[in-house]
Amino acid sequence: MAKRILALIGEDFEDLELSYPVLRLREEGCQVDLVGEEAGHVYHGKYGVPFTSDMSFDQVEAKDYDGMLVPGGWAPDKLRRFPKVLQLVREMNADGKPIGQICHAGWVLISAGILQGRTVTSTPGIRDDMTNAGATWVDQASVVDGNIISARRPPDLPEYMKDYIRVLFG
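To convert, take the position in the sequence shown, counting from 1, and add 1; that gives the numbering used here.
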């Protein structure tokens, strides 16, 4: 049975940070569902790349997924304001399912309150936010701490996805 991945989507996501992981996981045979505030809505990345959501936050349950992706860009600042998004992140974390976060996506994990004692990376611009949330921040392309896989920015995508796929398939 194919692994099922929940990929969060919102306006102004970082185009490569959503498209590259989605395509890589689909190449691995995963079913990747794009989940946003509205089902069937066309969301645009910072550089204009459109993606249509498959489902809304309220239509999904963490128990139905094997992992989660949170792209960066400006979308994370909006995504973290939805209680259902934070609930999904907390439940995925509690179940030890892989959560991939890149660039500004760390804001979502911060708001979900799951970074205390974890080692992560992100864009240097939110380093203080990550450390203030109790994480140890390191300047590396990709960091794996248990079920949390984090990366800094688009040039780190190849290493990030190798790590995410390794954790996902155990």
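Just so you know, even glycine gets a beta-carbon here, dropped at the ideal spot from N, CA and C. On a predicted model such as this, the values are computed, not experimentally measured, just so you know.
If you count every other CB in all the chains shown that lies within 10 Å of the CB of residue i, and 16 or more means buried, which is it?
i           : result
residue 167 : exposed
residue 3   : exposed
residue 39  : exposed
residue 24  : exposed
residue 16  : buried
residue 117 : exposed
residue 107 : buried
residue 164 : buried
residue 58  : buried
residue 18  : buried
residue 68  : buried
residue 84  : exposed
residue 98  : buried
Looking only at DSSP bridge pairs, what is residue i linked to?
i           : result
residue 117 : Partner(s): none; residue 117 has no beta bridge.
residue 66  : Answer is none; residue 66 lacks a bridge partner.
residue 34  : 7
residue 146 : 149
residue 52  : 44
residue 170 : For residue 170, which the question treats as bridged, DSSP gives no partner whatsoever.
residue 137 : 120
Could you give the C-beta distance for residue i and residue j, rounded to a whole number, given that I count them as a contact under 8 Å?
i           : j           : result
residue 6   : residue 26  : 6 Å
residue 120 : residue 132 : Residue 120 to residue 132, Cβ: 11 Å. No contact.
residue 87  : residue 81  : 7 Å
residue 122 : residue 145 : Wrong, their Cβ atoms sit about 10 Å apart, outside the cutoff.
Whose C-alpha, out of the options, is nearest the C-alpha of residue i?
i           : options           : result
residue 44  : 96, 24, 75        : 75
residue 53  : 78, 20, 64, 63    : 20
residue 142 : 158, 128, 129     : 158
residue 77  : 154, 165, 150, 12 : 12
residue 72  : 169, 154, 171, 97 : 154
residue 55  : 46, 47, 135, 34   : 34
residue 124 : 31, 165, 37, 105  : 105
residue 115 : 100, 128, 126     : 100
residue 50  : 169, 14, 97, 85   : 14
residue 128 : 151, 30, 92       : 151
Item to complete: Scan the stretch 56-111 and note each continuous alpha helix (DSSP H) run of 4 residues or more that stays entirely inside, going in chain order.
Response: Annotation note: the stretch 56-111 contains the following uninterrupted alpha helix (DSSP H) runs of length 4 or greater, listed N- to C-terminal: 76-80, 84-95.
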